[in-house]
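Below is one structure; the comments refer to it alone.
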Amino acid sequence: MTLPLGNIPFLNKRIKFPVTPHIPGGLTTPEQIRQIADIADQYGGSLKIVGNAITIIGLTLADGEKAITELGCKGESFIAKTIRSVSFCPGKPACPRALQDSTPLGLELDEEFFGQELPGKLRIAVSGCPNCCAEPLVKDIGMYGTAKGYTLAVGGNSGLKAQIAKVVAEKVPSEEIASIIRCILAYYHTRGKTKERLGQTINRLGWDEFIKQTIPEKYLQTK
Ligand code: SF4
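Pasting the structure below:
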């Protein structure tokens, strides 16, 4: 697999840069961790663990390309306007507080949406209960489990113009989440300006219209 990084002028001028293999949900194996460590050794890099990711740092652009190819996985995009790796907590049965099983849903969303190109970067998070360990309320699209399904929140981000997500739907079954996200992404894709985060697009165009366009009426918040 070839990374598109060679086309990015400022990276071409840098001597070293980080390479992050895409590990959905941070669910890995001892074998994969050994393989990443061996490849870091092979190319003279070192490792940094950040959230759900293990980054090989200190590689040249050419070695980074080779490392990702040898690992046989996708590379995380760290500057592109794409959907980033989906964050999710362990959920049922791993966590005693879980009300929904966030892991299969998180993997399903990562499989479908990771890497899609959009007007700006977009983060998705799934938590199995209102404790919100995956921080869904500071993600562009976040959700947390309740006894009756998922509560869906939209428009958050923890960047320079940080914003708390707004709850837009309640009691959503896990099987319905992906189709609602497809509607939200279609809205953002057609209306978002370049580098504008989803929440900023909705702020600019109006929340009522966004909700009308994307959220099925049966899941609207009840007062
Ligand atoms: S969000 Fe809830 S279910 Fe998920 S890890 Fe935290 S406490 Fe457990």
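Residue 346 in the working numbering sits at position 45 of the sequence shown, and the numbers go up by one each step. Glycine residues also receive a C-beta, built at the ideal position from the N, C-alpha and C atoms. Source: prediction; values computed, not measured.
Which term fits Gly507, buried or exposed, when burial requires 16 or more other beta carbons within 10 angstroms of its beta carbon?
By one-based count along the sequence shown, residue 507 stands at place 206. It counts as exposed.
In terms of residues, what are the limits of the beta strand (DSSP E) holding Ala395?
As a first step, residue 395 is located in the sequence shown; it is residue number 94 there, counting from the start. First-last for Ala395: undefined, no H or E at that position.
To the nearest angstrom, report how far apart Leu521 and Glu471 are at their CA atoms.
Walking along the sequence shown from the start, residue 521 turns up at place 220. Walking along the sequence shown from the start, residue 471 turns up at place 170. Computed Cα separation, rounded: 6 Å.
Which runs of the alpha helix (DSSP H) spanning at least 4 residues fall entirely within the region 314-395, listed in chain order?
331-343 and 362-372
Short Cβ contact (8 Å threshold) for Val376 with Asn353:
In the sequence shown, the residue the question calls residue 376 occupies position 75. In the sequence shown, the residue the question calls residue 353 occupies position 52. Here the sequence assigns Gly to residue 376, which means Val is not the residue at that position. Cβ atoms of Gly376 and Asn353: not closer than 8 Å.
For Ile478 versus Met444, is the C-beta distance shorter than 8 Å?
Translated into positions along the sequence shown, residue 478 becomes position 177. Translated into positions along the sequence shown, residue 444 becomes position 143. It is a contact, given that the beta carbons lie within the stated cut-off.
Host beta strand (DSSP E) of Ala454 (start-end):
The count along the sequence shown starts at 1 and reaches residue 454 at position 153. Segment Gly450 to Val455, the beta strand (DSSP E) holding Ala454.
Nonlocal neighbours in the same chain, by C-beta distance under 7 Å from Thr303, ignoring five residues either side
Position 2 of the sequence shown, counted from the first residue, corresponds to residue 303. Residue placement at Thr303 is flagged as unreliable, the pLDDT there being 46, under the threshold of 50; a coordinate-derived value is accordingly withheld.
Backbone CA spacing between Asp509 and Gln343 [nearest angstrom]:
Numbered from its first residue, the sequence shown carries residue 509 at position 208. Numbered from its first residue, the sequence shown carries residue 343 at position 42. C-alpha separation (whole angstroms): 54 Å.
Return the residue from the list Ala487, Ile512 and Lys496 that minimises the CA-CA distance to Ala454.
Taking the first residue of the sequence shown as position 1, residue 454 is located at position 153. Cα-wise, what sits closest to Ala454 is Ile512.
Do Gln352 and the ligand SF4 come close, with the Cβ less than 7 Å from some heavy atom?
Translated into the one-based positions of the sequence shown, residue 352 becomes position 51. In the sequence as presented, Gln is not what sits at residue 352; that position holds Gly. No; taking the cut-off as 7 Å, the Cβ of Gly352 has no heavy atom of the ligand SF4 nearer than that.
Exposed or buried, Cys390, counting other C-beta atoms within 10 Å across all chains shown (16 or more means buried)?
Taking the first residue of the sequence shown as position 1, residue 390 is located at position 89. With 16 or more other Cβ atoms within 10 Å, it is buried.
Return the Cβ separation of Lys496 and Gly421 in integer angstroms, given the expectation that the two are a contact with Cβ distance under 8 Å.
On the sequence shown, position 195 is the one that residue 496 refers to. On the sequence shown, position 120 is the one that residue 421 refers to. Sure, about 5 Å apart at Cβ, within 8 Å.
Taking only heavy atoms of the ligand SF4 into account, decide whether any of them is closer than 7 Å to the Cβ of Ala399.
Translated into positions along the sequence shown, residue 399 becomes position 98. For the ligand SF4, at least one heavy atom lies less than 7 Å from the Cβ of Ala399.
Would the beta-carbon of Ser475 be found less than 7 Å away from any heavy atom of the ligand SF4?
Taking the sequence shown and counting its residues from 1, one reaches residue 475 at position 174. No, Cβ of Ser475 sits at least 7 Å from all heavy atoms of the ligand SF4.
Looking at the structure shown, is Lys472 part of a helix, part of a strand, or coil, going by DSSP?
Locating residue 472 in the sequence shown gives position 171, counting from the first residue. In the structure shown, Lys472 sits in a strand (DSSP, three-state: E or B).
As assigned by DSSP and simplified to three states, the class of Gly407:
For the purposes of this step, residue 407 is identified with residue 106 of the sequence shown, where counting begins at 1. The answer is helix: DSSP assigns Gly407 an H, G or I state.
Proximity of Val427 and Leu406 at Cβ, strictly below 8 Å:
Indexing the sequence shown from 1 puts residue 427 at position 126. Indexing the sequence shown from 1 puts residue 406 at position 105. A contact, by the Cβ cut-off of 8 Å.
Inside the region 464-513 only - alpha helix (DSSP H) runs reaching at least 4 residues
475-492 and 499-506
Spatial distance of Leu423 from Tyr488 (CA atoms)
Along the sequence shown, read from residue 1 onward, the residue named residue 423 stands at position 122. Along the sequence shown, read from residue 1 onward, the residue named residue 488 stands at position 187. Those two C-alpha atoms are separated by around 13 Å.
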